[in-house]
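Asks:
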Amino acid sequence: MKQAWLALADGAIFEGRAFGYEGETVGEVVFNTAMTGYQEVLTDPSYKGQIITMTSPHIGNYGMTSEDAESRRIWAEGFIVKEASRLASNWRSRQQAQDYLHEAKIVGIEGLDTRALTRHLREHGSQQGLITHVDGDHRRMVEKAQAAPSIVGRDLAAAVTCGKAYQWTEGSGEWAPSLDEKPRAGATRRWHVVAYDFGVKLNILRRLVDVGCDVTVVPASATAVQIDALKPDGIFLSNGPGDPEGVPYAIEAVRQLIGSRPIFGICLGHQILGLALGLKTYKLKFGHHGANHPVMDLRTRKVEITSQNHNFAVEVTRTFSAIPDRPPVVDTSFGQVLVTHMSLNDHSVEGLACADHPVFSVQYHPEASPGPHDSGYLFNEFIQRMEKQ
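Numbering (this note's numbering), first residue to last: 196 to 584.
1. With a cut-off of 8 angstroms, do at least 3 Cβ pairs link the segment 390–407 to the segment 422–441?
2. Can you tell me whether V498 is buried or exposed, with buried defined as 16 or more other CB within 10 angstroms of its CB?
3. Using 8 angstroms as the threshold, is the segment 345–363 in touch with the segment 227–239, meaning 3 or more CB pairs across them?
4. Could you tell me the boundaries of the beta strand (DSSP E) in which M259 lies?
5. Please identify the residue among G273, F274 and L237 whose C-alpha is closest to the C-alpha of E265.
6. Taking V173 and L573 to be in contact with their CB atoms under 8 angstroms, please state how far apart those CB atoms are, rounded to whole angstroms.
7. Might you give, ordered along the chain, the residues of its own chain that have their beta carbon closer than 7 angstroms to the beta carbon of A279, omitting 5 neighbours on each side?
8. Put I247 into one of helix, strand or coil per three-state DSSP.
9. Going residue by residue through the segment 288–350, where are the continuous beta strand (DSSP E) segments of at least 3 residues, counting only ones entirely within it?
10. For W363, count neighbouring C-beta atoms within 10 Å of its own C-beta (all shown protein chains included) and say buried if the count is 16 or more, exposed if not.
11. Let's test the definition: count the other Cβ atoms within 10 Å of the Cβ of S261 and tell me whether it reaches 16, buried, or not, exposed.
12. Please classify A164 as buried or exposed, where buried requires at least 16 neighbouring CB atoms within 10 angstroms.
13. Run through DSSP, which three-state label would S556 get?
14. Going by the beta-carbon positions, is the gap between T309 and T248 smaller than 8 angstroms?
15. Who pairs with K475 in a beta bridge, going by DSSP?
16. Would you grab the beta carbon distance between V413 and V404 for me? Rounded to a whole angstrom, and I think it's under 8 angstroms.
17. Considering only the alpha carbon of each residue, which of G331, R287, H542 and R456 lies closest to V490?
18. In terms of DSSP beta bridges, what is N227 paired with?
19. Using a Cβ-Cβ cut-off of 6 angstroms (strictly less than) and excluding sequence neighbours within five positions of D492, which residues of its own chain qualify?
20. So if DSSP puts A445 in a beta bridge, which residue, or which two residues, is it bridged to?
21. My output table needs one value for R379: the three-state DSSP class, helix, strand or coil.
22. Report the CB separation of G566 from S502 in whole angstroms; it is logged as a contact under 8 angstroms.
23. Given a cut-off of 8 angstroms on the beta-carbon distance, is the pair H483 and H505 in contact?
24. What are the boundary residues of the beta strand (DSSP E) that includes L432?
25. Closest to L282 by C-alpha separation, out of V276, G258 and G303, would be which residue?
26. According to the Cβ coordinates, are V329 and A202 closer than 8 angstroms?
27. With a Cβ-Cβ cutoff of 8 angstroms, do E440 and Q323 count as a contact?
28. Who does R456 pair with in a DSSP beta bridge?
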């Protein structure tokens with residue numbers, strides 16, 4: 196097989212074999228610790244601008260299916276694996292990973308030491324990188340990696356959002372998890388929810404339908420006036436790629452909407468809500484990417500294993516060296532904001548809730564896809580907030 200290289204901006208070079216589409220690509224190199232769900236990972240719009248390293252050594256074992264994509268296309272800039280399986284054991288499989296990437300023109304590399312690469316990124320931080328199948332000159336490769344655009348300050352949501360508003364009506368159907376993510380017994384009305392598309396995953400929309408919502412999806416650029424005109428019962432702020440400070444128009448729209456209706460945000464939506472409330476955000480050293488991140492609900496002391504995919508986090512007035520005994524409270528112009536959830540890995544903020552408004556958010560993905568379903572209850576919490584209005 197043809198030789199390929201990964202070059203990082205700090206000068207590190209990793210050699211492997213060509214995988215996927217032949218060529219070269221640049222992006223911020225991150226690592227994902229999920230053992231399964233590689234198709235959902237590749238098609239998650241939150242990975243726009245990034246090259247994904249899978250820490251699980253075998254990728255492609257169950258092929259690619261027509262049901263598991265989280266959006267209309269692959270958004271990752273490149274894909275790095277230890278070993279790409281050429282055999283797929285799955286009755287639903289329609290394609291091998293190699294063919295799936297080649298068809299989408301996604302450049303990849305396999306056969307390199309992904310454990311060494313992951314340790315390097317963990318110790319030195321996520322950074323810009325280049326995958327190339329065509330240029331083996333180490334100096335030029337590093338220069339190209341260093342010249343790659345950073346995700347800091349970029350409006351990546353504009354690249355992945357929908358072009359115009361549309362209605363979403365499909366639920367999870369036969370693939371629905373066996374959980375409480377369904378309308379409660381006796382519920383007769385449906386709730387009109389407007390979902391901001393900053394890079395929304397399809398299973399988020401399906402979960403909203405599962406719990407009794409009629410969903411209108413709107414572009415990231417939708418204004419508060421446009422949202423009000425739709426007369427929703429609640430507003431959902433979706434996941435998405437990159438730096439929340441790169442979408443100031445969304446921050447301003449959310450700021451104007453706080454207090455008007457219940458709001459539920461996840462991932463990038465959580466960060467945008469934090470900025471709208473007057474808090475700050477910062478870039479993590481190597482981000483949270485995977486399906487095994489422990490998070491504590493500080494209100495109940497229960498621990499959830501969560502699916503996460505983000506490079507930025509919300510910053511409150513102080514950092515935490517240990518898990519606090521009760522939810523910390525931050526004073527804002529919208530009243531008190533509680534830090535409801537916290538990462539057990541690095542003590543970063545994982546959830547917020549307004550004391551005076553039906554507004555809350557989490558940094559992780561309650562819909563999973565891929566990952567555990569510990570946090571599916573949050574969709575029903577959103578319904579409960581709408582019921583009280």
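Where is the CB? At the ideal position from N, CA and C, for every residue including glycine.
Replies: A quick look at the data gives this:
1. yes
2. By the 10 Å Cβ count, V498 comes out exposed.
3. Too few Cβ pairs lie closer than 8 angstroms, so no.
4. No beta strand (DSSP E) contains M259, which DSSP labels as neither H nor E.
5. L237
6. In the structure as shown, the chain begins at 196 and stops at 584. Residue 173 is therefore absent and cannot be evaluated.
7. F214, I254, G255, A292, Q293 and E305
8. strand
9. 302–305 and 322–327
10. buried
11. exposed
12. Nothing in the structure corresponds to residue 164, since the chain is present only between 196 and 584.
13. S556 falls in the strand class under three-state DSSP.
14. yes
15. E510
16. Actually they are not in contact, since the Cβ atoms of V413 and V404 sit about 16 angstroms apart, beyond 8 angstroms.
17. H542
18. Bridge partners of N227: M249.
19. H536
20. DSSP lists no partner for A445.
21. Note that R379 has pLDDT 48, beneath the 50 cutoff, so the model's placement of it is unreliable and the number below is only indicative. Three-state result, R379: coil.
22. Contact between G566 and S502 holds, since their C-beta atoms are separated by about 3 angstroms, short of 8 angstroms.
23. Going by C-beta atoms, H483 is nearer than 8 angstroms to H505.
24. Judged by DSSP secondary structure, L432 falls within the beta strand (DSSP E) whose first and last residues are G429 to L432.
25. If you compare the alpha carbons of V276, G258 and G303 with that of L282, the shortest gap goes to G258.
26. no
27. no
28. I453
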